[in-house]
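Visitor: Order-wise, the sequence lines are chains C and Y.
Numbers given in this note's numbering equal positions in the first sequence, counted from 1, plus 4.
Numbers given in this note's numbering equal positions in the second sequence, counted from 1, plus 4.
Have a look at this one.
There are 2 protein chains.
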Amino acid sequence: MRQWPDRRILDLLGIELPIIQAPMSGFSTVEMAVAVCQAGGLGSLACAQLTVDEADEALTAIRRATPKPINLNFFCHRPAAPNPAAMAAWRARLKGYYVELGLDPEAEPPTANRIPFDETFCALVEQHRPEVVSFHFGLPEPGLLARVKATGAKVLSSATTVAEAVWLEEHGVDAVIAMGAEAGGHRGSFLAQDMSAQPGTFALVPQVADAVGVPVIAAGGIADARGVVAALALGASAVQIGTAYLFCPEARVSAVHRRALDTAADDNTQLTNVFTGRPARGVINRVMREVGPLSPLAPAFPTAGGPLAPLRAKAEARGSANFSVLWSGQSAKLAPRLPAGELTRTLAEQALARM
Amino acid sequence: MRQWPDRRILDLLGIELPIIQAPMSGFSTVEMAVAVCQAGGLGSLACAQLTVDEADEALTAIRRATPKPINLNFFCHRPAAPNPAAMAAWRARLKGYYVELGLDPEAEPPTANRIPFDETFCALVEQHRPEVVSFHFGLPEPGLLARVKATGAKVLSSATTVAEAVWLEEHGVDAVIAMGAEAGGHRGSFLAQDMSAQPGTFALVPQVADAVGVPVIAAGGIADARGVVAALALGASAVQIGTAYLFCPEARVSAVHRRALDTAADDNTQLTNVFTGRPARGVINRVMREVGPLSPLAPAFPTAGGPLAPLRAKAEARGSANFSVLWSGQSAKLAPRLPAGELTRTLAEQALARM
Chain C
5 MRQWPDRRIL DLLGIELPII QAPMSGFSTV EMAVAVCQAG GLGSLACAQL
55 TVDEADEALT AIRRATPKPI NLNFFCHRPA APNPAAMAAW RARLKGYYVE
105 LGLDPEAEPP TANRIPFDET FCALVEQHRP EVVSFHFGLP EPGLLARVKA
155 TGAKVLSSAT TVAEAVWLEE HGVDAVIAMG AEAGGHRGSF LAQDMSAQPG
205 TFALVPQVAD AVGVPVIAAG GIADARGVVA ALALGASAVQ IGTAYLFCPE
255 ARVSAVHRRA LDTAADDNTQ LTNVFTGRPA RGVINRVMRE VGPLSPLAPA
305 FPTAGGPLAP LRAKAEARGS ANFSVLWSGQ SAKLAPRLPA GELTRTLAEQ
355 ALARM
Chain Y
5 MRQWPDRRIL DLLGIELPII QAPMSGFSTV EMAVAVCQAG GLGSLACAQL
55 TVDEADEALT AIRRATPKPI NLNFFCHRPA APNPAAMAAW RARLKGYYVE
105 LGLDPEAEPP TANRIPFDET FCALVEQHRP EVVSFHFGLP EPGLLARVKA
155 TGAKVLSSAT TVAEAVWLEE HGVDAVIAMG AEAGGHRGSF LAQDMSAQPG
205 TFALVPQVAD AVGVPVIAAG GIADARGVVA ALALGASAVQ IGTAYLFCPE
255 ARVSAVHRRA LDTAADDNTQ LTNVFTGRPA RGVINRVMRE VGPLSPLAPA
305 FPTAGGPLAP LRAKAEARGS ANFSVLWSGQ SAKLAPRLPA GELTRTLAEQ
355 ALARM
């Protein structure tokens, strides 16, 4: 049996395979995380769209199902102050779609719910003591971060540029996730503003590896064993894989999203802010094409999503993906389409065989 | 001595090392091409900014200096029909800069010279019979392509999407250059229109390798041995490297460009059309920031470059790179900064040692 040439992430996180299931808030499940953990990778539970009670319940279920290390993932954006003018402008931009779909444009839209890491979630971490805590959009404020680290949890966060990686290391992460532009879902960007200057995985990973002393986890465009081998060759100690896990039976993916993933190709995704106010990569659909992909009108994260929700619900009821979040990276087509545990094991075995 | 695991490009092109020096029209030299050939890679002579006589002279000099295979590179855009209205709008957009720099905005600007592959260049190929002919922006019309192939030359062209790769294979190329979004200089795109949907090298290379039967050459973001190993792991049979060769003493790089390359980072380049009318990646400067990076006003390739030329000359005379072409990929920082022959050999040796 061949060995992994770089054991830094394996030893740091206490896992057997250098494969991390991306948290994918809204799409991953307890079953997925457990399957990945049991296979020897690192399963992740995304908490950004869970209440503390729901997160508590999910984590309890995971702990009951597996003794392996688990990653608890949180967003750490600063909640946006209410901006009625920006929201009014956004609703005005979308009004035509409300009319077209027979919805009342004057009805108060729902509020988008992405909850940042806070006191209550920190207490949950202190109670359950997950082996790994990962953050998206930077890091929480120093007091909260210190409490997380005091539990013994290893802390990860995503960098979309070398500057962000260096910042994360300076602020105490145990490893950096180098997230190339190919990645699906929300960019982890917290210093970088200009999406047109975001580096691809191939350029980012070795430059991050050269710039920081902590181990690097490559993310973005990795969906098969070739990608695992290439990421390690570029200087990563492990990989984080998202889109490939969306094809697992354990994923919570809507019918329209699943259909979009089946057609996802190298060249039909874009970074868009129309769904949440923050740039994220998804399969191009009508609202991205007509309103975005990056609209200066989209109000602050996550509030842009509120007025989209009724449009999405109405369109999806008609089988249309015109207003749906269709997160996907650029390598969906490479995904082996296996259950989560088997996917994890297969990627690792095939990668080892190629090294 | 370890062996290259995939000999397809080596055998196809008759070279020893799976490293192709990117043609880099305007920046490469006879000396660079000869050094790369002598080292065992494939040197390239870019003809897009040469007259037929200049190309003849350069190729004769190369043939005299080395018996190794050489690549002759051509652009094959369709020359734009004159569009006085578009040009007037472009000049109007740039007028403020003319005034600022003390130039006469009414003076007729020079004409940008990128010459597409044509009868005369085809005759040159028939006369010199280079072992390899590579094209950028698709392929020439079938009659000319047939004549090139009749000389025995192996034909390469760049694909920026899987669709372009499949098209190139269907139209007779012997190998496809899979050019990820990280690459510096002009995108090879000829079917793809939307630059915001261009895949990165990490996503593109394996998907192209899966989609075509001909061997794949990876390009974009490759500047050190880690990149060579990773590209081969992703399914490429060889790599094409551009930016790293711009640091060679054999490169023809202006002082302002060289300074920009010294500061080029993972996150300070963009795709811009302001310099030529076609998207190309370079270090962000003032005209990109203020007029671009992708301006709907930029007239058709290559005519956009005409009115930029006086601005560039005047600014550069003052040591300013505000209006200069500063082509660079996203991995400039990884470049070893060696003479071209040594760079070629070092990348190959270090890559083999890592495999």
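Glycine residues also receive a C-beta, built at the ideal position from the N, C-alpha and C atoms.
Keep in mind that this is a model prediction, so the values were computed, not measured.
Closer than 7 Å, CB to CB, is E186/Y near chain C or not?
Guide: It does: the Cβ of E186/Y has a partner Cβ on chain C nearer than 7 Å.
Visitor: Within a Cβ cutoff of 6 Å, which residues of the same chain sit near Y101/C, ignoring the five residues on either side of it in sequence?
Guide: So the list reads L315, once near-sequence residues are dropped.
Visitor: Give the secondary structure of Q7/C by DSSP, where H, G and I count as helix, E and B as strand, and everything else as coil.
Guide: Q7/C falls in the coil class under three-state DSSP.
Visitor: Could you give the DSSP three-state label for R118/C: helix, strand or coil?
Guide: Residue state, collapsed to three classes: coil.
Visitor: The alpha helix (DSSP H) with L414/C in it runs from where to where?
Guide: Not covered by the structure: residue 414/C. The range shown for chain C is 5 to 359.
Visitor: Quick one: Cα of R358/C to Cα of V209/Y, how far?
Guide: Using only the alpha carbons, I get a separation of about 17 Å.
Visitor: Measure the CB-CB distance between P203/C and Q334/Y and report whether it falls below 7 Å.
Guide: Yes.
Visitor: Thinking P340/C and A248/C are a contact (beta carbons under 8 Å), I'd like their distance in whole angstroms, please.
Guide: Right, their Cβ atoms sit about 7 Å apart.
Visitor: Should G100/Y be flagged as near chain C, meaning a C-beta pair shorter than 7 Å?
Guide: With 7 Å as the cut-off, G100/Y does not count as an interface residue toward chain C.
Visitor: Could you tell me which uninterrupted alpha helix (DSSP H) segments, each at least 4 residues in length, are contained entirely in the segment 249-277 of chain Y, listed from first to last along the chain?
Guide: Taking only runs of at least 4 residues, the alpha helix (DSSP H) segments lying wholly in the segment 249-277 of chain Y are 259-267.
Visitor: What residue ranges within the segment 166-204 of chain C form continuous beta strand (DSSP E) runs of no fewer than 3 residues, ordered along the chain?
Guide: For the segment 166-204 of chain C, whole beta strand (DSSP E) runs of length 3 or above, ordered along the chain, are 179-183.
Visitor: Taking Cβ positions only, does Q274/Y come closer than 7 Å to chain C?
Guide: For Q274/Y, the answer is yes, since a Cβ of chain C falls inside 7 Å of its Cβ.
Visitor: So, is the C-beta of D271/Y closer than 7 Å to a C-beta in chain C?
Guide: At least one chain C Cβ lies under 7 Å of D271/Y.
Visitor: Given that a residue counts as buried once 16 or more other Cβ atoms are within 10 Å of its Cβ, and exposed if not, what is R282/Y?
Guide: Buried.
Visitor: Starting from L143/C, trace the alpha helix (DSSP H) both ways and give me its first and last residue.
Guide: Element bounds for L143/C: n/a, residue is neither H nor E.
Visitor: Output needed in chain order: residues of the segment 229-241 of chain C with a Cβ under 8 Å from some Cβ in chain Y.
Guide: Result list: R230, G231, V233, A234, A235, A237, L238 and G239.
Visitor: When Cβ atoms are compared, which residues of the segment 311-342 of chain C fall closer than 8 Å to chain Y?
Guide: Against chain Y - using a Cβ distance shorter than 8 Å - the residues of the segment 311-342 of chain C are G333, Q334, S335, K337 and L338.
Visitor: Assign G239/C to one of two classes, buried (16 or more other C-beta atoms within 10 Å of its C-beta) or exposed (fewer than that).
Guide: Flag for G239/C reads buried.
Visitor: Should N117/Y be labelled buried (16 or more other beta-carbon atoms within 10 Å of its own) or exposed?
Guide: N117/Y comes out exposed.
Visitor: Roughly how many angstroms separate the alpha carbons of T350/Y and Q354/C, rounded to a whole number?
Guide: Approximately 29 Å, taken between the alpha carbons.
Visitor: State the Cα-Cα distance for the pair A229/C and E110/C, rounded to the nearest angstrom.
Guide: Each residue's Cα considered, the two are about 50 Å apart.
Visitor: Got a sec: which bits of the segment 281-310 of chain Y sit with their beta carbon under 9 Å from any beta carbon on chain C, in order along the chain?
Guide: Per Cβ criterion, the list reads I288, P297 and L298.
Visitor: If contact means a Cβ-Cβ distance below 7 Å, which residues of the segment 173-201 of chain C contact chain Y?
Guide: Under the 7 Å Cβ criterion, the segment 173-201 of chain C contributes G184, A185, E186, A196, S200 and A201.
Visitor: In whole angstroms, what separates the C-alpha of P86/C from that of I74/C?
Guide: Their Cα atoms are separated by approximately 35 Å.
Visitor: Considering only C-alpha positions, which residue in the set R256/C, K158/C, L148/C and E130/C is nearest to S138/C?
Guide: With distances taken between Cα atoms, S138/C lies closest to K158/C.
Visitor: Is the segment 27-42 of chain Y touching the segment 64-80 of chain Y, taking contact as three or more C-beta pairs under 8 Å?
Guide: The segment 27-42 of chain Y vs the segment 64-80 of chain Y: in contact.
Visitor: Which parts of the segment 47-81 of chain Y are runs of the beta strand (DSSP E), unbroken and 3 residues or longer, counting only runs that do not cross its ends?
Guide: If we require 3 residues or more, the beta strand (DSSP E) runs fully inside the segment 47-81 of chain Y come out as 47-50 and 74-79.
Visitor: Given that a residue counts as buried once 16 or more other Cβ atoms are within 10 Å of its Cβ, and exposed if not, what is T307/C?
Guide: Buried, by the Cβ-count rule.
Visitor: Can you give the Cα-Cα distance for G184/C and V233/Y, rounded to whole angstroms?
Guide: About 18 Å.
Visitor: Please classify P83/Y as buried or exposed, where buried requires at least 16 other C-beta atoms within 10 Å of its C-beta.
Guide: Under this definition P83/Y is an exposed residue.
Visitor: Output yes if chain C places a C-beta closer than 7 Å to the C-beta of Q131/Y; else output no.
Guide: With 7 Å as the cut-off, Q131/Y does not count as an interface residue toward chain C.
Visitor: Find the residues of chain Y that neighbour V278/C, judging by a C-beta separation of less than 8 Å, and give them in chain order.
Guide: Neighbours of V278/C on chain Y: none; closest Cβ ~13 Å, over 8 Å.
Visitor: Compare the C-beta of A207/C against all C-beta atoms of chain Y and say whether one is closer than 7 Å.
Guide: Closer than 7 Å: yes.
Visitor: Go to I245/Y, then tell me how far its beta strand (DSSP E) extends in each direction, as first and last residue.
Guide: A242 to I245 is the span of the beta strand (DSSP E), which, as asked, contains I245/Y.
Visitor: Checking contacts by CB at 7 Å: is T350/Y closer than that to chain C?
Guide: Taking Cβ atoms only, chain C never reaches closer than 7 Å to T350/Y, which makes this a no.
Visitor: Compare the C-beta of P203/Y with all C-beta atoms of chain C and state if any pair is closer than 7 Å.
Guide: Yes - at least one Cβ of chain C is within 7 Å of the one on P203/Y.
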